[in-house]
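Chemist: One structure is given below, represented as structure tokens, and several questions about it will come after.
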Amino acid sequence: FADIGDIVRGKDLFYGNKQEKEKRDELDKKLKTIFKQIHGGLTKANGAQTYYKDATGDFFQLREDWWTANRETVWEAITCEVKSGSHYFRPTCDSGDARKPSLTQTDCRCPKSSDAKGAKDGDVNIVPTYFDYVPQYLR
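Position one of the sequence shown corresponds to residue 1225 (our numbering), numbered consecutively onward.
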């Protein structure tokens, strides 16, 4: 998940072999086109277009802010009804035994219908990691 954030924000450090680099460059070019279109749709009236203006065409600040605003939605899309192989690193839900949080064993999200104390309204889709804010070389 953190690698997706790095790619979207234009901060991916992994270059791989030549074929991988060519695909990465192609992906980055497409992302620049997408964020150029997003920038074109911003309004001048509130100063957003000026704030995100980027002479290089990379739109790093726009990409960073887009990721911050949409990371939870991306996480929800990735983990939507994952049935296997979805175990993750940190406890995310209260197990209901009043002792400690437990790992989600079937999904990467707390169930909405759970009676567990940790699954409050709005808490069911919290991304259970903050690795996308840890520098890539430290992961």
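In this text, a Cβ means the ideal position worked out from N, Cα and C, and glycines have one as well. In this text, all values refer to a predicted model and were calculated from it rather than measured experimentally.
According to DSSP, is ASN1241 helix, strand or coil?
Modeler: Counting from one through the sequence shown, the residue named residue 1241 turns up at place 17. DSSP places ASN1241 in coil when its eight states are reduced to three.
Chemist: Have a look at ARG1287 and ALA1293 and give me their C-alpha separation to the nearest angstrom.
Modeler: By 1-based counting over the sequence shown, the position of residue 1287 is 63. By 1-based counting over the sequence shown, the position of residue 1293 is 69. Cα-Cα distance, rounded: 10 Å.
Chemist: Residues in the same chain with beta-carbon distance under 6 Å from ASP1278, minus the five sequence neighbours each way, listed in chain order, please.
Modeler: What you label residue 1278 is simply residue 54 of the sequence shown in a count that begins at 1. Closer than 6 Å at the Cβ level, and outside the excluded window around ASP1278, lies no residue.
Chemist: DSSP three-state label for GLY1229, please.
Modeler: Working through the sequence shown from its first residue, we reach residue 1229 at position 5. Helix.
Chemist: For the alpha helix (DSSP H) that contains LEU1286, what are its first and last residues?
Modeler: Here residue 1286 refers to the residue found at position 62 when the sequence shown is read from its first residue. Start and end: 1284–1303.
Chemist: Helix, strand or coil, according to DSSP, for GLY1264 in the structure here?
Modeler: Residue 1264 sits at position 40 when you count from the first residue of the sequence shown. Helix at GLY1264.
Chemist: Taking 8 Å as the limit between beta carbons, can you name the residues of its chain near THR1274, skipping five residues before and five after?
Modeler: As a first step, residue 1274 is located in the sequence shown; it is residue number 50 there, counting from the start. The residues are LYS1268.
Chemist: For GLN1285, which residues of its own chain have a beta-carbon under 8 Å away from its beta-carbon, when the five flanking residues on both sides are left out?
Modeler: Reading the sequence shown from its first residue, position 61 is the one you call residue 1285. The answer, listed in chain order, is TYR1275, TYR1276, ASP1278.
Chemist: With the cut-off set at 8 Å, would you say GLY1281 and LYS1260 are in Cβ contact?
Modeler: As a first step, residue 1281 must be located in the sequence shown, where it is residue number 57. As a first step, residue 1260 must be located in the sequence shown, where it is residue number 36. In contact: GLY1281 and LYS1260 (Cβ atoms closer than 8 Å).
Chemist: State the Cα-Cα distance for the pair ASP1249 and ASP1230, rounded to the nearest angstrom.
Modeler: Numbered from its first residue, the sequence shown carries residue 1249 at position 25. Numbered from its first residue, the sequence shown carries residue 1230 at position 6. Their Cα atoms are separated by approximately 14 Å.
Chemist: Secondary structure at TYR1276, three-state DSSP: helix, strand or coil?
Modeler: As a working mapping, residue 1276 is identified with position 52 in the sequence shown. Residue state, collapsed to three classes: coil.
Chemist: Consult DSSP for LYS1256 and reduce its assignment to one of helix, strand or coil.
Modeler: Along the sequence shown, one-based indexing puts residue 1256 at 32. LYS1256: helix per DSSP, three-state reduction.
Chemist: Give me the Cβ distance between PHE1283 and LYS1256, rounded to the nearest whole Å; I'm assuming they're in contact under 8 Å.
Modeler: Sequence index remark: in the sequence shown, residue 1283 carries index 59 (1-based). Sequence index remark: in the sequence shown, residue 1256 carries index 32 (1-based). That belief holds up - the Cβ atoms of PHE1283 and LYS1256 are roughly 7 Å apart, short of 8 Å.
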